[in-house]
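Participant: Please find one structure pasted underneath; my questions will follow.
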Amino acid sequence: MGMTPILAATLGGAAGALATALGTVPALFARNIDQRTQDTMFGFGAGVMLAASAFSLALPGIHEAQRQGQGPWTAGALVGVAILIGAAALVLLERVLPHEHFIKGPEGHPSLRLKRAWLFVFAICLHNLPEGLAIGVGFGPGVAHGVALATGIAIQDLPEGLVVAMALMAAGYGRRWAVSVGMASGLIEPVGALVGAGVVIDYPMLLPVGLGFAAGAMLFVVSHEIIPESHRQGHEHFATGGLMVGFVLMMLLDTAFG
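In terms of full-length UniProt numbering, the sequence shown is residues 1 to 258.
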C-alpha cells in the first residue's frame, strides 16, 4: 500500500525542518561566517526556490489545469492569477506581521511593540512558510514533483539554518539562543506542508491554484527578501553565483525525481 499524500507531505516538511536544525549545528562551534559566504548561501537558497517555483510548481500547475479540461491560455491564466494572489498574500502578511530583516531593519505594523529577537523569529517564519506550503501542494494528487521539491528545499535549508543562527549571533544574541531559534525556524515547514496538502486533497480542483499560489509566495520571498539581503554588502557576484548553482541543482533534482 502506497504512502498517502498527507503523510508524504508531512514527512517532506519534516525533512526540511530537520535539515534546518542540522544546519545550525556548526554555529555551536564556529566563531563567525564572513558576510561573503553568507550572501553566497542566501543566493543558493534563492536559486533553489526560483527553480522550484518554475519546474515544480508553476509548470505542473498548468499541466494539471489542462488535465482538468482547461485550454492552454485558460490554464496559463489560472496559474498566473494564482501566482499573483500568492505574492499578494505575502505582501499582506508582511504588512500585518511585524518582523525584522538582518540588514534592512524592522518592518510591519508600527503599533505592535515586540522585542527585537521575536521580530527575527517572525521574519524567519515569513520566509519558511511558502516553502512548507509548496512541499504540501507538491504532494497533491496527480503531481509527481513532491519528492524533488522536498529534497531541493531540504538541501537549501542546511545552509539557511546556519546563516540564520550566525546572523542572530552577529546581531548580538547569545549562541544558545541563536541556535535554538535557528532550529525552531524550520518547524513552520511541516505545518505549512500539512495545510497545503490538506487543501488540495480535499478540493482537488484547487490543485492548479494551490501550485500557483505557492509559486507566487516563493517568488515574492526571493525577490523581496533574499536577493536584496544578499546584494547589500557588495557581494553581488558571489550571491549570483550561488543562485545559479542552486537553480541548476533544483532543475536536476526535478528532472531526476519528476
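Where a beta carbon is used, it is the ideal one built from N, C-alpha and C, also for glycine.
Among the candidates Ser-230, Gly-212, Gly-241 and Met-244, whose CA atom is the shortest distance from the CA of Ala-88?
Facilitator: In the sequence shown, counting from the first residue as 1, residue 88 sits at position 88. Taking only the C-alpha atoms, the option nearest Ala-88 is Gly-212.
Participant: With a cut-off of 8 Å on the beta carbons, I'd call Ile-188 and Ala-46 a contact; round off their distance for me.
Facilitator: Position 188 of the sequence shown holds residue 188. Position 46 of the sequence shown holds residue 46. Contact flag wrong, Cβ pair sits at about 19 Å.
Participant: To the nearest angstrom, report how far apart Leu-158 and Ala-19 are at their CA atoms.
Facilitator: To locate residue 158, count along the sequence shown from 1; it is residue 158. To locate residue 19, count along the sequence shown from 1; it is residue 19. Rounded to the nearest angstrom, the two C-alpha atoms are 5 Å apart.
Participant: Measure the beta-carbon distance from Gly-152 to Leu-249 and round it to whole angstroms, keeping in mind my assumption that it falls under 8 Å.
Facilitator: For the purposes of this step, residue 152 is identified with residue 152 of the sequence shown, where counting begins at 1. For the purposes of this step, residue 249 is identified with residue 249 of the sequence shown, where counting begins at 1. Indeed they touch by this definition, with Cβ atoms about 7 Å apart.
Participant: Are the Cβ atoms of Gly-13 and Leu-194 separated by less than 8 Å?
Facilitator: Your numbering for residue 13 matches position 13 in the sequence shown. Your numbering for residue 194 matches position 194 in the sequence shown. The answer is yes: Cβ separation under 8 Å.
Participant: For Val-181, is the classification buried or exposed, using 16 other Cβ atoms within 10 angstroms of its Cβ as the cut-off for buried?
Facilitator: Taking the first residue of the sequence shown as 1, we reach residue 181 at position 181. Classification of Val-181: buried, given that the 10 Å Cβ count is 16 or more.
Participant: Between which two residues does the alpha helix (DSSP H) harbouring Ile-6 extend?
Facilitator: Looking up residue 6 in the sequence shown gives position 6. Element bounds for Ile-6: 5-24.
Participant: Any contact between the segment 62-72 and the segment 227-244? By contact I mean 3 or more CB pairs, one from each, below 8 Å.
Facilitator: The answer is no - the segment 227-244 does not touch the segment 62-72, with fewer than three Cβ pairs under 8 Å.
Participant: Can you tell me whether Val-200 is buried or exposed, with buried defined as 16 or more other CB within 10 angstroms of its CB?
Facilitator: Here the question's residue 200 lines up with position 200 in the sequence shown. Label assigned to Val-200: buried.
Participant: Determine, using beta carbons only, whether Ala-75 and Ile-62 come nearer to each other than 8 Å.
Facilitator: Here residue 75 is taken as the residue at index 75 of the sequence shown, counted from 1. Here residue 62 is taken as the residue at index 62 of the sequence shown, counted from 1. Cβ distance < 8 Å, so Ala-75 and Ile-62 count as in contact.
Participant: Measuring straight from C-alpha to C-alpha, what distance separates Gly-140 and Arg-232?
Facilitator: Residue mapping note: residue 140 aligns to position 140 of the sequence shown, counting from 1. Residue mapping note: residue 232 aligns to position 232 of the sequence shown, counting from 1. In a straight line, the C-alpha of Gly-140 is about 38 Å away from that of Arg-232.
Participant: Between Leu-129, Tyr-203 and Ser-185, which lies nearest to Phe-220 when the distance is taken from Cα to Cα?
Facilitator: Working through the sequence shown from its first residue, we reach residue 220 at position 220. Among Leu-129, Tyr-203 and Ser-185, the Cα nearest to that of Phe-220 belongs to Leu-129.
Participant: Confirm, please, whether the CB-CB distance from Ala-217 to Gly-86 is below 8 Å.
Facilitator: Looking up residue 86 in the sequence shown gives position 86. Looking up residue 217 in the sequence shown gives position 217. In this structure, Ala-217 lies closer than 8 Å to Gly-86 by Cβ.
Participant: Kindly list the residues whose CB is nearer than 6 Å to the CB of Phe-257, restricted to its own chain and excluding five residues on each side of it in sequence; keep chain order.
Facilitator: By one-based count along the sequence shown, residue 257 stands at place 257. The residues are Val-147 and Ala-148.
Participant: Helix, strand or coil, according to DSSP, for His-237 in the structure here?
Facilitator: Counted from its first residue, the sequence shown places residue 237 at position 237. Here His-237 sits in helix by DSSP.
Participant: Buried or exposed for Ala-30, please, with buried defined as at least 16 other CB atoms from any protein chain shown within 10 angstroms of its CB.
Facilitator: If you number the sequence shown from 1, residue 30 lands on position 30. Its Cβ having fewer than 16 others within 10 Å, Ala-30 is exposed.
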